[in-house]
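Enquirer: My questions all concern the structure below.
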Amino acid sequence: MKVATAAYPLDVLSSWAQYEDKIAAWVAEAAGEGGDILVFPEYGAMELATLEGLDVAGNLEASLFAVSDRLPEADTLHNTLAQKHGVHILAASGPAATATRPVNRARFFAPNGKSGVQEKQIMTRFERDPWGIQGGSGLQVFETTLGKIGVLICYDAEFPLLGRALADCQIIMVPSCTEALSGYWRVRIGAMARALENQCVTVMSSVVGEAAWSEAVDISTGTGGVFAPPDKGFPPTGVLSEGVLNVPGWTYAEVDLAAVELIRRDGIVLGRKHWNEQLGRDGTPDIVNLA
């Protein structure tokens with residue numbers, strides 16, 4: 282299969298039709314290149330707040346709920362495009378209102394019209410305060426015609442136990458939104474580590490560029506990347522493909538799930554199989570006094 286991962290810039294939208302045209306063009310481009318799975322980034326939906334005007338988009342609290350109000354329409358659009366082009370689409374995540382505080386929700390659409398959601402588990406410091414975003418419902422494993430697929434949203438990819446919970450997945454999507462280069466590399470290192478531990482492929486997408494109208498996502502650094510274990514059938518660097526930093530567009534990679542199954546069964550190392558061996562140890566190191 283071919284995966285396509287986005288380095289996605291945010292726009293000031295003058296109409297819903299402009300948003301429809303933008304998403305339709307991005308999906309058509311990736312599908313035209315043979316993409317089977319299209320991965321949009323974390324908080325890429327924040328541009329929907331501009332439909333309510335820049336005063337709303339520039340107000341942190343108001344923008345969260347402005348985006349939430351538009352998510353059902355965005356879901357209908359992505360569902361239609363997934364069926365039209367015969368692709369799987371992870372839509373850009375955004376704040377979704379709940380009975381208490383919003384969660385950070387990504388939505389995954391299959392070409393047969395079915396869909397599911399994945400909410401971010403662990404909030405970063407700025408999401409906790411001042412955003413007030415809360416952790417969502419548990420992790421999902423999406424069983425698709427292409428294989429088992431999971432999602433770790435940005436910061437979630439930095440936590441190995443969350444990754445381990447998705448150990449049955451052959452592909453883990455990592456939609457991200459990072460302000461600084463250090464943030465991009467932190468999430469990328471997490472994505473590569475999860476690929477190593479689970480002997481799977483991870484697909485990282487990024488918001489890129491400036492959005493001066495937003496208090497939440499005013500500047501973003503990143504690019505698309507597809508990562509695998511450095512083992513049989515994969516590059517020795519573990520990098521299947523990577524985009525150019527901060528340049529908008531799609532990054533593509535061919536993914537062979539047979540290669541994933543091969544290394545899980547007979548890789549140079551068998552980290553996924555040997556994971557539980559660390560659980561049988563005390564975990565508390567002995568103190569050796571060399572002073």
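Quick note: the sequence shown uses my numbering, first residue 282, plus one each step.
In this text, a Cβ means the ideal position worked out from N, Cα and C, and glycines have one as well.
(1) Along the chain, which unbroken stretches of the beta strand (DSSP E) at least 3 residues long are found entirely within the segment 394-432?
(2) Since His366 sits in a beta bridge, which residues does DSSP pair it with?
(3) Using the DSSP secondary-structure output, state which residues sit across from Tyr300 in a beta bridge.
(4) Per DSSP, which residues does Ala497 bridge with? Please list them.
(5) Just curious, the beta strand (DSSP E) that Gly530 is in, first and last residue?
(6) Do you know whose CA, among Asn479, Thr483 and Val489, lies nearest Trp556's CA?
(7) If you check the beta carbons only, do Thr459 and Thr502 fall under 8 Å apart?
(8) How far does the beta strand (DSSP E) with Glu491 in it extend, from its first residue to its last?
(9) By DSSP's criteria, Leu371 is part of a beta bridge. Which residues make up the other side?
(10) Can you give the Cα-Cα distance for Asp449 and Ala387, rounded to whole angstroms?
(11) Apply the 10 Å Cβ neighbour rule to Thr357 and answer buried if 16 or more other Cβ atoms are within range, or exposed otherwise.
(12) By the DSSP assignment, the alpha helix (DSSP H) with Glu523 in it spans what residues?
(13) Check whether the segment 472-489 and the segment 501-519 are in contact - that is, three or more C-beta pairs closer than 8 Å.
(14) Since Pro517 sits in a beta bridge, which residues does DSSP pair it with?
(15) For a test of the three-state rule: what should DSSP assign to Pro456, helix, strand or coil?
(16) Does the Cβ of Arg469 lie closer than 7 Å to at least one heavy atom of the ligand SAH?
(17) So, at 7 Å on beta carbons, what are the nonlocal neighbours of Leu538 in its own chain, with the 5 sequence-adjacent residues on each side left out?
(18) Can you check DSSP and say which residues form a bridge with Thr502?
(19) With a 10 Å radius around its C-beta and 16 neighbouring C-beta atoms as the bar for buried, classify Phe407 as buried or exposed.
(20) Taking only three categories from DSSP, how would you classify Thr357?
(21) On the criterion of 16 or more Cβ atoms from any shown chain inside 10 Å, does Arg351 qualify as buried, or is it exposed?
(22) Tell me which residue opens and which closes the alpha helix (DSSP H) that Pro290 is part of.
(23) Could you give the first and the last residue of the continuous alpha helix (DSSP H) run that contains Met327?
(24) Kindly give me the distance between the Cβ atoms of Trp494 and Leu332, rounded to whole angstroms, as I take these residues to be in contact under 8 Å.
(25) I think Gly431 touches Leu420, with their Cβ atoms under 8 Å apart; what is that distance to the nearest whole Å?
(26) What three-state label does DSSP hand Val507 in the structure shown?
(27) Where does Ala461 sit, in a helix, a strand or coil, going by DSSP?
Expert: Let me spell this out:
(1) Entirely contained in the segment 394-432, the beta strand (DSSP E) runs reaching 3 residues are, in chain order, 396-400, 423-425 and 428-432.
(2) Looking at the DSSP output, His366 bridges to nothing.
(3) Its beta-bridge partners do not exist; DSSP assigns none.
(4) Bridge partners of Ala497: none, in fact.
(5) Here the beta strand (DSSP E) through Gly530 covers Gly530 to Glu535.
(6) When each option's Cα is compared against that of Trp556, the closest is Asn479.
(7) If you check the CB distance, Thr459 and Thr502 come in under 8 Å.
(8) From DSSP, the beta strand (DSSP E) with Glu491 extends over Val482 to Glu491.
(9) Residue pairing of Leu371 in beta bridges, as defined by DSSP: Val320 and Phe389.
(10) So the alpha carbons of these two residues sit roughly 20 Å apart.
(11) Classification for Thr357: exposed.
(12) It is not in any alpha helix (DSSP H) - Glu523 instead sits in the beta strand (DSSP E) that spans Val520 to Glu523.
(13) Flag = yes, the segment 472-489 and the segment 501-519 touch.
(14) Paired residue(s): none; Pro517 is not in a bridge.
(15) Strand, per DSSP.
(16) No copy of the ligand SAH appears in this structure; indeed no ligand is present at all.
(17) The residues are Gly428 and Gln451.
(18) DSSP, once it has assigned bridges, lists no residue as partnering Thr502.
(19) With fewer than 16 other beta carbons inside 10 angstroms of its own, Phe407 counts as exposed.
(20) In this structure, Thr357 counts as helix in the three-state DSSP scheme.
(21) Buried, since its Cβ has 16 or more Cβ neighbours within 10 Å.
(22) Where Pro290 is concerned, there is no enclosing alpha helix (DSSP H), although the beta strand (DSSP E) it sits in stretches over Lys283 to Pro290.
(23) Where Met327 is concerned, there is no enclosing alpha helix (DSSP H), given that its DSSP letter is neither H nor E.
(24) Wrong, their Cβ atoms sit about 12 Å apart, outside the cutoff.
(25) Contact annotation, Gly431 with Leu420: C-beta distance approximately 7 Å; criterion of less than 8 Å satisfied.
(26) DSSP places Val507 in strand when its eight states are reduced to three.
(27) The answer is coil: DSSP assigns Ala461 none of H, G, I, E or B.
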